[in-house]
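Residue numbers (the working numbering), protein chains in the order written: chain A, 2 to 390; chain B, 360 to 484. Note sheet for the following structure.
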């Protein structure tokens with residue numbers, strides 16, 4: 002059966018060029034980058050080149066990049082690293098962190114963990130599109146606020162937050178600004194300098210790189226407390242032997258992502274807009290997230306009287322890979338916190354469908370979805386006691 | 360997904376038996392709650408104290424739909440007293456097992472069948 006992958010925000014296939022770049026670092030250049038001999042030096046030089054490539058997509062300097070194991074670790078290290086250092090400092094600013102209600106669990110759960118340790122966390126609400134309001138942010142800032150952590154773009158509904166404004170406000174009140182950039186990197190131009198971003202999390206497997214590697218941008222002069230102790234790698238901030246092939250892969254993925262950004266963005270936007278237009282022809286269907294301030298690859302819908310997990314599985318039967326924010330598909334059996342935060346009632350939130358596009362998708366894929374999706378929604382509605390039309 | 364569904368569950372999800380409504384039903388039972396993501400309505404026709412016909416409509420996940428399908432199959436033709444005894448284990452076992460987190464879905468159909476029978480008995484009084 003023909004299969005169509007439309008879950009690129011969950012993960013992406015590793016680009017062939019990335020694989021080729023990585024391959025020699027498994028056996029030919031296997032040396033430990035921390036070793037003094039030629040084996041070590043060649044691996045060291047390669048990871049440093051990779052660091053520059055990662056910095057390149059953010060308009061950052063190479064020495065502002067720390068390698069991690071992925072987006073989750075980057076978020077943990079960025080947020081807890083700043084928090085623990087702030088606690089230690091004699092001139093500590095206070096104990097308040099500001100975040101939003103729609104963050105990825107990697108941020109939300111880290112904040113909850115800090116809350117238990119006595120930090121005060123303010124969760125900013127969002128509007129119906131999933132945007133935070135600048136005035137809410139400004140109002141939430143107090144003399145105790147030392148960190149703002151708000152995502153660049155939302156992983157479920159694709160809304161892009163007002164990053165420049167948040168950066169400007171953070172700068173105005175002399176508060177550090179961390180952003181989870183996992184979904185935004187390589188899908189929208191990022192300039193950490195222009196946006197006044199102090200820390201930014203990157204994941205490799207979302208941008209056609211390998212799984213198990215990521216990076217954290219830390220602006221020069223910003224100090225954090227390490228979370229792991231050991232050999233003192235990464236200026237003592239993240240001890241652990243370098244994952245050389247992974248780092249090389251992430252670097253190549255960033256290099257490709259930068260050179261292809263314009264092309265990727267126009268390809269994805271074209272497909273996304275067609276996908277949205279076609280899908281909204283279905284009776285009682287709605288687009289979630291902002292109509293324009295959204296990731297070029299994200300289409301997120303609700304279909305009245307249908308349930309998301311059933312939608313996912315029926316689409317899977319037709320060869321289409323998708324995702325949902327329905328409770329039934331989650332391990333907690335709760336509707337997505339993002340969909341609840343944008344004001345959807347639980348019934349609607351259960352009927353949600355996320356289709357996220359990538360480099361592999363074509364016009365034909367979009368056409369196929371336009372043919373199959375209405376049938377699937379219709380079939381589920383025939384089963385549904387909530388559908389009376 | 361937390362766990363995979365087996366082939367039998369998939370079959371009953373993709374080709375559910377006894378879907379629909381019975382316009383002149385003798386008993387109707389609705390259970391669940393859209394807030395939790397599951398709602399199920401069962402319609403029964405009763406003859407000689409037996410379930411002569413049964414139909415369902417379900418809003419919910421694959422496990423809820425498959426449970427509705429197999430649960431209605433299990434009680435079709437049974438006496439009302441037998442049908443009252445349908446348990447979640449009967450449903451889950453007949454499906455060849457459900458992922459642990461989805462076991463509660465098999466409760467729905469047995470509850471809905473009981474509600475429909477109670478409704479029938481109430482109407483008869």
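Quick reminder that beta carbons are idealized off the backbone N, C-alpha and C, glycines included.
Contact under 7 Å by Cβ, residue i with residue j
i                      : j                      : result
residue 77 of chain A  : residue 111 of chain A : yes
residue 159 of chain A : residue 290 of chain A : yes
residue 250 of chain A : residue 55 of chain A  : no
residue 73 of chain A  : residue 107 of chain A : yes
residue 101 of chain A : residue 133 of chain A : yes
residue 372 of chain B : residue 421 of chain B : yes
residue 337 of chain A : residue 326 of chain A : yes
residue 455 of chain B : residue 367 of chain B : yes
residue 410 of chain B : residue 443 of chain B : no
residue 97 of chain A  : residue 129 of chain A : no
residue 142 of chain A : residue 167 of chain A : no
residue 19 of chain A  : residue 210 of chain A : yes
CB contact check: residue i to chain A, cutoff 7 Å
i                      : result
residue 419 of chain B : yes
residue 435 of chain B : no
residue 478 of chain B : no
residue 367 of chain B : no
residue 387 of chain B : no
residue 394 of chain B : yes
residue 416 of chain B : yes
residue 398 of chain B : yes
residue 472 of chain B : no
residue 378 of chain B : yes
Residue range of the alpha helix (DSSP H) that includes residue i
i                      : result
residue 255 of chain A : 245-280
residue 448 of chain B : 447-453
residue 23 of chain A  : 17-23
residue 223 of chain A : First-last for residue 223 of chain A: undefined, no H or E at that position.
Distance between residue j and residue i (C-alpha atoms, nearest Å)
i                      : j                      : result
residue 361 of chain B : residue 309 of chain A : With a pLDDT of only 43 at residue 361 of chain B, under 50, the local geometry of the prediction cannot be trusted, and the value read off the model is given with reservation. Answer to the nearest angstrom: the Cα atoms are 14 Å apart.
residue 15 of chain A  : residue 208 of chain A : 8 Å
residue 205 of chain A : residue 472 of chain B : 50 Å
residue 1 of chain A   : residue 62 of chain A  : Only positions 2 to 390 of chain A appear in this structure, which leaves residue 1 of chain A out of reach.
residue 105 of chain A : residue 131 of chain A : 13 Å
residue 298 of chain A : residue 376 of chain A : 23 Å
residue 4 of chain A   : residue 265 of chain A : 21 Å
residue 342 of chain A : residue 182 of chain A : 20 Å
residue 374 of chain B : residue 169 of chain A : 56 Å
residue 187 of chain A : residue 292 of chain A : 20 Å
Proximity test, Cβ basis, 7 Å: residue i and chain B
i                      : result
residue 35 of chain A  : no
residue 386 of chain A : yes
residue 314 of chain A : yes
residue 38 of chain A  : no
residue 311 of chain A : yes
residue 308 of chain A : yes
residue 374 of chain A : no
Extent of the continuous beta strand (DSSP E) to which residue i belongs
i                      : result
residue 443 of chain B : First-last for residue 443 of chain B: 439-443, but that is the alpha helix (DSSP H), not the beta strand (DSSP E).
residue 390 of chain B : 386-392
residue 299 of chain A : 299-304
residue 434 of chain B : That residue, residue 434 of chain B, is in no beta strand (DSSP E); its alpha helix (DSSP H) goes 421-434.
residue 75 of chain A  : Residue 75 of chain A -> not in any beta strand (DSSP E); alpha helix (DSSP H) instead, spanning 72-89.
Counting pairs of beta carbons, one from the region 282-292 of chain A and one from the region 314-322 of chain A, are three or more of them closer than 8 Å? Because the criterion of three Cβ pairs below 8 Å is not met, the region 282-292 of chain A and the region 314-322 of chain A do not touch.
At least three beta-carbon pairs within less than 8 Å, the region 436-455 of chain B to the region 377-390 of chain A: The region 436-455 of chain B, when compared against the region 377-390 of chain A, does not touch it at the 8 Å Cβ threshold.
Any contact of the region 226-241 of chain A with the region 80-89 of chain A, i.e. 3+ C-beta pairs under 8 Å? A contact is defined here as three or more CB-CB pairs under 8 Å, and the region 226-241 of chain A meets this definition with respect to the region 80-89 of chain A.
Does the pairing of the region 453-473 of chain B with the region 382-390 of chain B give three or more beta-carbon distances under 8 Å? Contact holds: three or more Cβ-Cβ distances are below 8 Å.
Using 8 Å as the cut-off, can you tell me whether the region 240-256 of chain A makes contact with the region 269-279 of chain A, which would need three or more C-beta pairs spanning the two stretches below that distance? Between the region 240-256 of chain A and the region 269-279 of chain A, the count of C-beta pairs closer than 8 Å stays below three; the two stretches do not touch.
Given 8 Å, three or more beta-carbon pairs between the region 27-42 of chain A and the region 258-267 of chain A: The region 27-42 of chain A is not in contact with the region 258-267 of chain A.
With three or more C-beta pairs closer than 8 Å as the rule, is the region 414-434 of chain B touching the region 356-374 of chain A? Segments in contact, no.
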